[in-house]
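Visitor:
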Ligand SMILES: [Cu+2]
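Numbering (my numbering), first residue to last: 132 to 508.
1) Tell me the DSSP secondary structure of residue 349 in three-state form.
2) Can you determine whether any heavy atom of ligand 1 sits closer than 6 Å to the C-beta of residue 304, and answer yes or no?
3) Which whole-angstrom value is the C-beta distance of residue 345 and residue 412, which I expect to be below 8 Å?
4) Which residue comes first and which comes last in the beta strand (DSSP E) that contains residue 447?
5) By the DSSP assignment, the beta strand (DSSP E) with residue 242 in it spans what residues?
6) Please report how far the alpha carbon of residue 253 lies from the alpha carbon of residue 440, in whole angstroms.
7) Is it the case that the Cβ atoms of residue 297 and residue 322 are separated by a distance below 7 Å?
8) Could you name the residues of the same chain whose beta carbon sits closer than 6 Å to that of residue 329, not counting the 5 residues immediately before and after it, in chain order?
9) Thinking C-beta only, is residue 282 closer than 7 Å to residue 255?
10) Let's test the definition: count the other Cβ atoms within 10 Å of the Cβ of residue 480 and tell me whether it reaches 16, buried, or not, exposed.
11) Check whether the Cβ of residue 377 lies closer than 6 Å to any heavy atom of ligand 1, and answer yes or no.
12) For ligand 1, is there a heavy atom less than 6 Å away from the beta-carbon of residue 312?
13) Does residue 259 come out as helix, strand or coil in the three-state DSSP assignment?
14) Ends of the alpha helix (DSSP H) at residue 309?
15) Can you give me the C-alpha to C-alpha distance between residue 356 and residue 190, rounded to a whole angstrom?
16) For residue 325, which residues of its own chain have a beta-carbon under 6 Å away from its beta-carbon, when the five flanking residues on both sides are left out?
17) Would you check if the distance between the CB atom of residue 319 and the CB atom of residue 235 is smaller than 7 Å?
18) Measuring alpha carbon to alpha carbon, tell me which of 212, 241, 332 and 176 ends up nearest residue 433.
19) Report whether the distance from the Cβ of residue 210 to the nearest heavy atom of ligand 1 is below 6 Å.
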């Protein structure tokens with residue numbers, strides 16, 4: 132594919148998908164880096180402190196303050212795009228495209244009015260043109276027009292995080308490559324906290340003891356005549372067959388963090404009775420509905436907006452395709468909790484499920500087994 136890129140160049144890679152699906156009406160929205168015209172508002176960030184954020188693989192969050200200290204800062208980070216084969220279920224492999232090698236990509240955390248300075252690197256070992264559209268950013272296709280990088284290139288985008296909430300980011304290189312890259316793994320979340328931290332519906336401060344980021348991914352893996360999942364040597368080779376499965380709108384697999392079972396067993400999320408946990412859930416392409424079996428969403432920021440009062444005591448909360456949602460829960464009982472997409476076919480048969488392992492003492496007032504199962508007398 133690298134040689135294909137060299138031979139045909141950027142524009143052909145972008146539009147080559149048309150050769151595979153000529154019947155699709157396609158608009159290529161992202162092109163070469165745009166020329167910024169007349170500047171109406173100049174930026175002066177010369178007085179701002181600059182810090183580097185070290186990104187970590189989900190479900191973990193990078194080190195951060197919940198309440199901002201001091202004035203807005205420039206928060207800088209580098210994200211490397213990694214094209215690689217990933218095993219998304221036992222013996223099922225895809226030619227994944229990722230931010231930083233994980234699906235989802237790492238969660239970025241800043242505060243409102245911080246400036247995010249993102250260096251996007253597309254190593255020469257990759258085969259495709261990529262970019263990043265951040266739903267928290269304003270203008271130029273969420274930054275996608277200013278970050279389009281061919282293999283061997285990097286671009287630096289700086290934007291002011293003016294809206295607080297949890298926002299999806301994803302690759303959007305144009306035309307049918309947009310859904311192809313998104314369902315090949317290229318998406319993640321940026322959390323923009325209010326400068327004074329989170330608040331409940333009456334405006335009282337709330338904080339969390341820990342947070343986890345769960346990225347739900349729909350995969351469309353082609354099968355051969357015997358129903359065996361096919362394996363490919365490059366994203367370009369997988370593309371034509373994958374488009375055919377994508378057009379059915381029926382995923383073959385749904386994962387939480389890149390592989391069926393990735394956040395279960397010894398990799399379960401951990402908490403203790405009395406701890407408050409913030410769960411951030413994203414779906415960049417498709418609707419989901421999150422449910423913590425045996426628990427609740429004490430506070431849920433619907434649509435991902437921290438600007439609105441959170442809903443309370445929810446049993447399940449919807450995550451619309453293209454958004455992220457944050458939910459806060461204080462655990463009151465020990466045990467293994469299943470954290471699922473409550474389309475139970477999608478969680479149990481396709482893979483959209485995780486575990487939270489909670490330690491602590493049982494509260495018999497909240498629940499008690501009055502008598503064990505025994506023959507009806
Ligand atoms: Cu991409």
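All C-beta atoms in this analysis are idealised placements derived from N, C-alpha and C, irrespective of residue type, glycine included.
Guide: If we stick to the structure as given:
1) The count along the chain shown starts at 1 and reaches residue 349 at position 218. Residue 349: strand per DSSP, three-state reduction.
2) Numbered from 1 along the chain shown, position 173 holds the residue referred to as residue 304. Under cutoff, so the answer is yes.
3) Locating residue 345 in the chain shown gives position 214, counting from the first residue. Locating residue 412 in the chain shown gives position 281, counting from the first residue. That pair is a contact at about 5 Å.
4) Here the question's residue 447 lines up with position 316 in the chain shown. 447-450 is the span of the beta strand (DSSP E), which, as asked, contains residue 447.
5) Locating residue 242 in the chain shown gives position 111, counting from the first residue. Judged by DSSP secondary structure, residue 242 falls within the beta strand (DSSP E) whose first and last residues are 239-242.
6) Looking up residue 253 in the chain shown gives position 122. Looking up residue 440 in the chain shown gives position 309. Rounded to the nearest angstrom, the two C-alpha atoms are 39 Å apart.
7) Taking the chain shown and counting its residues from 1, one reaches residue 297 at position 166. Taking the chain shown and counting its residues from 1, one reaches residue 322 at position 191. Result yes, Cβ atoms of residue 297 and residue 322 sit closer than 7 Å.
8) Start at 1 with the first residue of the chain shown, and residue 329 comes out as number 198. Here the set comprises 337.
9) Here residue 255 refers to the residue found at position 124 of the chain shown. Here residue 282 refers to the residue found at position 151 of the chain shown. Closer than 7 Å, so yes.
10) Within the chain shown, residue 480 is the residue found at index 349, counting from 1. Exposed is the call here.
11) The residue given as residue 377 occupies position 246 in the chain shown. No, the Cβ of residue 377 stays beyond 6 Å of every heavy atom of ligand 1.
12) By 1-based counting over the chain shown, the position of residue 312 is 181. For residue 312, the distance from the CB to the nearest heavy atom of ligand 1 is below 6 Å.
13) Along the chain shown, one-based indexing puts residue 259 at 128. Note: residue 259 maps to coil in three-state DSSP.
14) Working through the chain shown from its first residue, we reach residue 309 at position 178. Counting along the chain, the alpha helix (DSSP H) containing residue 309 begins and ends at 308-313.
15) In the chain shown, counting from the first residue as 1, residue 356 sits at position 225. In the chain shown, counting from the first residue as 1, residue 190 sits at position 59. Those two C-alpha atoms are separated by around 36 Å.
16) Counting from 1 along the chain shown, the entry for residue 325 is found at position 194. Correct list, in chain order: 243, 295 and 437.
17) What you label residue 319 is simply residue 188 of the chain shown in a count that begins at 1. What you label residue 235 is simply residue 104 of the chain shown in a count that begins at 1. Result yes, Cβ atoms of residue 319 and residue 235 sit closer than 7 Å.
18) As a first step, residue 433 must be located in the chain shown, where it is residue number 302. The shortest Cα separation from residue 433 among 212, 241, 332 and 176 belongs to 332.
19) For the purposes of this step, residue 210 is identified with residue 79 of the chain shown, where counting begins at 1. Result no, Cβ not under 6 Å from ligand 1.
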